[in-house]
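Chains as they are written, first to last, in the numbering used here: chain A, 400 to 769; chain B, 90 to 374. Glycine is no exception: its CB is placed at the ideal position from the N, C-alpha and C atoms. Given the structure is predicted, the values throughout are model-derived calculations rather than measurements. The next block holds one structure in the form of structure tokens; read it before the comments.
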Ligand SMILES: Nc1ncnc2c1ncn2[C@@H]1O[C@H](COP(=O)(O)OP(=O)(O)OP(=O)(O)O)[C@@H](O)[C@H]1O
Ligand SMILES: [Mg+2]
């Protein structure tokens, strides 16, 4: 079962001012991060932002150029990978082509000293194969497996060792949507039942939001914000985070007035958007107002709040919701997400229709650009 | 001009086919036929049908013995020296050092083997290394015209042929597999034995095959560094065809050599294929 990290226990892993330079490239820039025992943490960020590098420092493949990597409270900068109680699922699987599926999965168990009995290894391998939904695939050769199957073998090869810390570098990237969803649930269940700490790298924000206890947003080798999915969604530190976590509309402008209770932003066309801010902003600062598509309503007649006359540009049917791209003369284009129910009462809109976009006054988030 | 695909393929293969037939099949048939014949009064070949040549093969036993010991030993010696070198080149050396060392491995090829063998005659001869050893008290050490000298020549001449296939297979090896092995708890030596070595077997097999086959037919190195004392089947053939002009007997010796090669190479291919887990990765480059 998942245990609350207690105070007397050192965190399972920690990065302290850890930097990694490759020549002139700074792949990781003074990372400070505490990974709690038993949590599911995700690294989220665009390609090349240093996610793999951070993971490789934890696994022991890269020594930090500066700073420290701690496991269980001990600095392990110089501890080689094969001595760390950490396993990794590699971004490109890295399965052994000369071994069968079962031999690949049993590889870690066979390295144990004192030796583990062969029959126990076989049982553990079978169980791992069941977990990743590949029962009976043990005798197969790696090259006889599809990309998605290989990915699951890579997963099984890591979890079978029940490491203290499991590092997963985009482990589900090659799976189709349905299987990915299944494996996400499987991973979460596994993480809870085994009590293993998971660190997942992904650039799929939905995956990070749905699976993680905490998300660490990276950009250009730096940590931008760490927090629970809800934190990041509701209180993004800046525009970059808001843009990365969920969809958002941004209206650029200058701060007109800022106080503890709220601030307002003058945007194009002299419109004023007011909202809350998570940081101290000063008058005259360039900022963006962020509004989630679901915070905006579409009606035919004005209906309280701040309202803007818009024209429908496109409509995308998403099942439970319909997403409209609308255009305002001054504010430009933005997205509105209309729930099915609201559509039922208001009636649907067609591209070209005129409508009124409304949101509650003060509901925007005013975010610094960096 | 419309041409059926099979004809087109046949046309493309024609030059190779003609070459293969004229230079390999035909001579083999000739040698096969000659091997049952007799020596003419002034040498050469007289048609006949006798097994005497084959029954008499024992007369050249020394040549066969030398070939069949020094070719495998030479192959093994090449392998033992080439593997660490290839490993260092592919996995340890910086790119700059690697290019430099690779060039150093090739450079000897730019000079004829004949000239290089002359150099070794001098080095191993009385005024070369033995003279130096005499200075430190090791007198009366003969190196030239011994099996050891031939072995030195073999390793020296054939090392690049062994280094390159192994280097290529190690270079092609996905380095992430080594990380995966370490990640799963294998210390470096075990990673080498369970991942690096098995995955470089195709290169090892190719290199061994290449060196072994060429060594079986070698005659230059034994002739120069063995000085007529350590001679191979190749030297016996030169002697039989060009000196004593006993073409029939020479053909029988050649047939015997071909047969031995066929048997060993087939057995070897079988074995390596089993190592490679049933995959046909073992090839002659
Ligand atoms: N061995 C290396 N040598 C030089 N530069 C490297 C090396 N490894 C990574 N980098 C650089 O460091 C930066 C971060 O790389 P990293 O692999 O951590 O990115 P990532 O976030 O995992 O990206 P992706 O999502 O594409 O996998 C990149 O700019 C990359 O080019
Ligand atoms: Mg990566």
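Review point. Is residue 708 (chain A) helix, strand or coil by DSSP?
Key: strand
Point to revise | Within chain A, the residues that residue 260 (chain B) reaches when beta carbons sit closer than 7 Å | key: Within 7 Å Cβ-Cβ: nothing; residue 260 (chain B) doesn't reach chain A, min ~16 Å.
Review point. Using the rule of at least 16 other Cβ atoms within 10 Å of the residue's Cβ for burial, across every protein chain shown, is residue 653 (chain A) buried or exposed?
Key: exposed
Exercise for review: For residue 495 (chain A), decide whether its Cβ has a neighbour in chain B, counting only Cβ atoms nearer than 8 Å.
Suggested key: yes
Review point. When DSSP builds the beta bridges, which residues end up paired with residue 689 (chain A)?
Key: A:649, A:764
Review point. Going by the beta-carbon positions, is the gap between residue 267 (chain B) and residue 293 (chain B) smaller than 8 Å?
Key: no
Review point. What are the start and end residues of each continuous beta strand (DSSP E) run of 3 or more residues lying completely inside the region 435-512 of chain A, in chain order?
Key: 439-443, 465-470, 485-488
Check your understanding: So residue 542 (chain A) and residue 496 (chain A) are in contact, right, with Cβ under 8 Å, and what is the actual spacing, rounded?
Key -> 6 Å
Check your understanding: For residue 726 (chain A), which three-state DSSP category applies?
Key -> strand
Exercise for review: On a CA-only basis, which of A:455, A:498, A:707 is nearest residue 490 (chain A)? Give me that one, please.
Suggested key: A:455
Point to revise | Interface partners of residue 479 (chain A) on chain B, CB under 9 Å | key: 271, 276, 277
Point to revise | Minimum C-alpha distance to residue 452 (chain A) - residue among A:594, A:693, A:683, A:569 | key: A:569
Review point. Applying the criterion that 16 or more other CB atoms from any shown protein chain within 10 Å of the CB defines a buried residue, is residue 419 (chain A) buried or exposed?
Key: buried
Check your understanding: Any C-beta of chain A sitting closer than 8 Å to the C-beta of residue 186 (chain B)?
Key -> no
Review point. Hey, which residues come within less than 7 Å of ligand 3, measuring from Cβ to any heavy atom, in chain order?
Key: Absence of ligand 3 is noted for the structure shown, with ligand 1 and ligand 2 being the only ligands found.
Exercise for review: Please list, in chain order, all residues of the same chain as residue 335 (chain B) whose beta carbon is under 6 Å from its beta carbon, the five residues on each side excluded.
Suggested key: 128, 329
Review point. Can you round the beta-carbon distance between residue 408 (chain A) and residue 279 (chain B) to whole angstroms, since I take them to be within the 8 Å contact cut?
Key: 33 Å between Cβ atoms; not a contact.
Review point. Could you give the distance in angstroms between the alpha-carbon of residue 470 (chain A) and the alpha-carbon of residue 593 (chain A)?
Key: 19 Å
Review point. Distance, Cα to Cα, residue 711 (chain A) vs residue 752 (chain A)?
Key: 5 Å
Exercise for review: Quick one: list the residues of chain B neighbouring residue 487 (chain A), beta-carbon separation under 7 Å, in chain order.
Suggested key: 272
Exercise for review: Buried or exposed for residue 660 (chain A), please, with buried defined as at least 16 other CB atoms from any protein chain shown within 10 angstroms of its CB.
Suggested key: exposed
Point to revise | Any non-hydrogen atom of ligand 1 within 7 Å of residue 459 (chain A) CB | key: no
Check your understanding: If you compare alpha carbons, which of A:706, A:722, A:507, A:707 is closest to residue 713 (chain A)?
Key -> A:722
Review point. In chain order, what residues of the region 509-521 of chain A put their CB closer than 8 Å to some CB of chain B?
Key: 510, 511
Check your understanding: Of the residues that make up the region 454-467 of chain A, which ones have a beta carbon closer than 9 Å to any beta carbon in chain B?
Key -> 455, 458, 459, 460
Review point. What's the gap between the Cα of residue 677 (chain A) and the Cα of residue 180 (chain B)?
Key: 51 Å
Review point. Between the C-alpha atoms of residue 636 (chain A) and residue 286 (chain B), what's the straight-line distance to the nearest angstrom?
Key: 51 Å
**Study point:** Run of the beta strand (DSSP E) containing residue 731 (chain A), from where it starts to where it stops
**Key:** 731-738
Check your understanding: Which value, in whole angstroms, describes the spacing of the CA atoms of residue 476 (chain A) and residue 433 (chain A)?
Key -> 16 Å
Review point. Within 10 angstroms of its Cβ, does residue 228 (chain B) collect 16 or more other Cβ (buried), or is it exposed?
Key: exposed
**Study point:** Chain-ordered chain B contacts of residue 560 (chain A) [CB-CB under 8 Å]
**Key:** 273, 274
Review point. Beta carbon of residue 421 (chain A): closer than 7 Å to some heavy atom of ligand 1?
Key: yes
Review point. If we cut at 8 Å on Cβ distances, does residue 373 (chain B) have a partner in chain A?
Key: Model confidence at residue 373 (chain B) stands at a pLDDT of 39, short of 50, so the residue's coordinates are unreliable and nothing is read from them.
Check your understanding: Candidates A:692, A:458, A:467: which alpha carbon is nearest residue 481 (chain A)'s?
Key -> A:458
Review point. Is the CB-CB distance between residue 732 (chain A) and residue 670 (chain A) below 8 Å?
Key: no
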